[in-house]
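Asks:
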Amino acid sequence: MTVENRRAGVVGEDMDQDKFPAGTRVLVVDDNPTCLKLLNTLLRKCQYQVTTTNQVVMALKMLSENRNKFDLVISEVNMPDMDGFKLLELMRLENGDANQRGSNAIQLSNSSI
Numbered sequence: 001m002t003v004e005n006r007r008a009g010v011v012g013e014d015m016d017q018d019k020f021p022a023g024t025r026v027l028v029v030d031d032n033p034t035c036l037k038l039l040n041t042l043l044r045k046c047q048y049q050v051t052t053t054n055q056v057v058m059a060l061k062m063l064s065e066n067r068n069k070f071d072l073v074i075s076e077v078n079m080p081d082m083d084g085f086k087l088l089e090l091m092r093l094e095n096g097d098a099n100q101r102g103s104n105a106i107q108l109s110n111s112s113i
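In full-length UniProt numbering, the protein residues as written are 1 to 113.
1) Indicate whether the contact test is met: 3 or more Cβ pairs, each with one atom in the region 77–85 and one in the region 40–47, closer than 8 Å.
2) So, are the CB atoms of residue 73 and residue 27 less than 8 Å apart?
3) Alpha carbon to alpha carbon, how far is residue 50 from residue 25? Give it in angstroms, no decimals.
4) Is the distance from the Cβ of residue 75 to the Cβ of residue 107 below 8 Å?
5) In terms of residues, what are the limits of the beta strand (DSSP E) holding residue 28?
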């Protein structure tokens with residue numbers, strides 16, 4: 001379903017297929033406390049189970065200790081201790097197969113150019 005259809009209130013069979021299911025387990029990694037709080041609030045309103053951290057090293061520790069605990073990782077790209085691309089690379093190396101559960105990721109940037 002397109003954004004335009006949703007705005008117009010069009011309801012169809014595919015509507016539920018466009019959503020992550022309630023209870024999706026999300027790890028959010030961002031060094032900016034405001035962005036971390038905003039993402040936490042928005043994702044919880046979608047009925048997702050949200051875990052947050054402001055350090056990539058802590059995120060890697062959580063991911064390695066709890067291999068199947070997260071369905072999705074949302075990460076800031078530009079962080080001081082390690083960038084989000086390196087985090088994604090290490091996640092995929094840890095999981096072996098990039099298509100395995102737990103290796104789904106969204107990269108964000110809150111930088112203005």
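For every residue, glycine included, the Cβ atom is placed at its ideal position computed from N, Cα and C. All values reported here derive from a predicted model rather than from experimental measurement.
Replies: If we stick to the structure as given:
1) no
2) Position 73 of the sequence shown, counted from the start, is the residue given in the question as residue 73. Position 27 of the sequence shown, counted from the start, is the residue given in the question as residue 27. Yes, these two residues count as a Cβ contact at 8 Å.
3) The sequence position of residue 25 within the sequence shown is 25, counting from 1. The sequence position of residue 50 within the sequence shown is 50, counting from 1. Rounded to the nearest angstrom, the two C-alpha atoms are 6 Å apart.
4) The residue given as residue 75 occupies position 75 in the sequence shown. The residue given as residue 107 occupies position 107 in the sequence shown. Contact flag set, yes.
5) As a first step, residue 28 must be located in the sequence shown, where it is residue number 28. Where residue 28 is concerned, the enclosing beta strand (DSSP E) stretches over 25–29.
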